[in-house]
Amino acid sequence: MIPWEKEHPYGTLFGDPLPGAPALAARGGCAAGVRTLTLTHPGQADVLSGLGRSPLPRYDRPLRVEIWYPALRSTDGDRAVYTDHMGRADLGNLEPFPIEGRAFRDAEPDPSAGPCPVIVISHGYPGSRFLLVNLAENLSSKGYVVLSIGHTDNTYEDFPSAGSLESALIHRSLDQRFIISQLPELNRDGFLRGMLLPDQVGLIGFSMGGYGALRTIGARMNEETLRSHAAIAEELAEQPDFHGDPAVRACALFAPATFFLDPARSEDIGIPTLWFCGSADNTVHYAAVRDFCERADHSDRVLITYEGCGHNIANNAAPPQAYARSWDIFKRWSDPVWDTLRLNNANCHFLTAFMDLHLRGDAGKAAYLRVPVTRGAEAVYDLDAEGRPTEKHTGWKGFIEGTAAGIRLETF
């Protein structure tokens, strides 16, 4: 038995497939290593110390980044334990808790796995670079190098009492672009030397991270946001010659905060996009997300709707420590209707198909994203005696009968 297949003493972890999970939800065949980097973005707007001043002072902005990568199969080191937080710094109820992982901390990279496409993850508001460990570990086990950004001023442990929104509006996309801009140097001189494809990037954004991702691929601010944030409007105005980061070839948007953006100015979004949203999302509002998706018609789009689901569609499931806490704490990871682990499985399935198709050119994965009927609950599974689909069969590829109920998948 190879090391990363050993039974974990904590049982099912975030990103593991449950019984009945869709076909592409399972982890891949690579051992995953993980390391923490701190990268510094020089000359950025210092929102927290300069809010109300014009122009804003500048500072060298530090960014903590967690990076997962294919590791050598001989790895026998310690499995990663990530430290995330319940509560928030500004509320005075911050409490750390461990997340047991399947990646190996500081493991030796496997150069034979490269060069690898890169996936960049941008968390919600507030959030953590560990909030989507379920996606990061899963994708890295499939041969991707995954970088998850901890957005300074917007993490649970550094969330300020004032200035956090302004910082997010200014920095979310700039942080993403900066990390992407560092990939060539990491490929030349870093511990992953020669293992990256710096111009084959997939971008994943959740909530406010989705706002940033849309800007990174070419969306523009709307006039209402610029008026209501007049003090920082100059910082928010996009450079006229920016039409989307050319290194980003595919973008997945989980419940993106579209209400800061103008759907009528989305003509620069020309890469494939995969959208996820719950139909009961009252945070970013499902109707607004759907409208933006439909109007971004220069992009080949797939929209996945989790019917009856709220906003928390991408994050890890709740840690055991949260079960003894109030609903205000517990709800960060949960949904009143959907089981979060099943959401994680479906997300990993669809993301794998989407990223493999667009970053690796695996045309066979398109069948997982173009389904015969839009509503999973209406799919008919009809096979002949030899297990081949009959003319009546409209089942979704990769799903067991009945397990796509509650999911709607549309292509535009």
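Quick note on numbering: the sequence shown equals residues 1215 to 1626 in the working numbering.
Ideal Cβ positions, reconstructed from N, Cα and C, are used throughout, including at glycine.
The structure presented is a predicted model; accordingly, all values stated were derived computationally and were not measured.
Using a Cβ distance threshold of 8 Å, Ala1246 and Arg1316 count as a contacting pair. Between Gly1266 and Gly1524, the alpha-carbon positions lie close to 35 Å from each other. Looking only at Thr1497, Lys1606, Val1516, Val1498, the smallest Cα-Cα distance to Thr1487 is reached by Val1516. Here DSSP, grouped into helix, strand and coil, assigns Met1435 to strand. Distances from the alpha-carbon of Trp1610 to those of Met1569, Gly1590, Val1551 put Gly1590 closest. Here Pro1398 carries a helix assignment [DSSP, helix/strand/coil].
Short of 6 Å from the beta carbon of Pro1310, and not among the five residues preceding or following it, lie these beta carbons of its own chain, in chain order: Thr1297, His1299. Scanning the stretch 1253-1329 from its first residue to its last, the whole beta strand (DSSP E) runs of 3-plus residues come out as 1272-1285, 1293-1300, 1309-1319.
Between Leu1383 and Leu1450, the gap from beta carbon to beta carbon is short of 8 Å. Boundaries of the alpha helix (DSSP H) around Ala1502: 1500-1509. In the DSSP assignment, Ala1464 forms a beta bridge with Gly1416. Phe1490 is bridged by DSSP to Phe1468, Ile1518.
The C-beta of Gly1357 has 16 or more other C-beta atoms within 10 Å across all chains shown, which makes the residue buried. Arg1272 counts as exposed, since fewer than 16 other beta carbons sit within 10 angstroms of its beta carbon.
By the C-beta density criterion, His1512 is exposed, having fewer than 16 other C-beta atoms within 10 angstroms. One thing to note: Phe1490 has its Cβ no nearer than 8 Å to the Cβ of Ile1431.
Straight through space, the alpha carbons of Thr1472 and Val1503 are spaced by roughly 6 Å.
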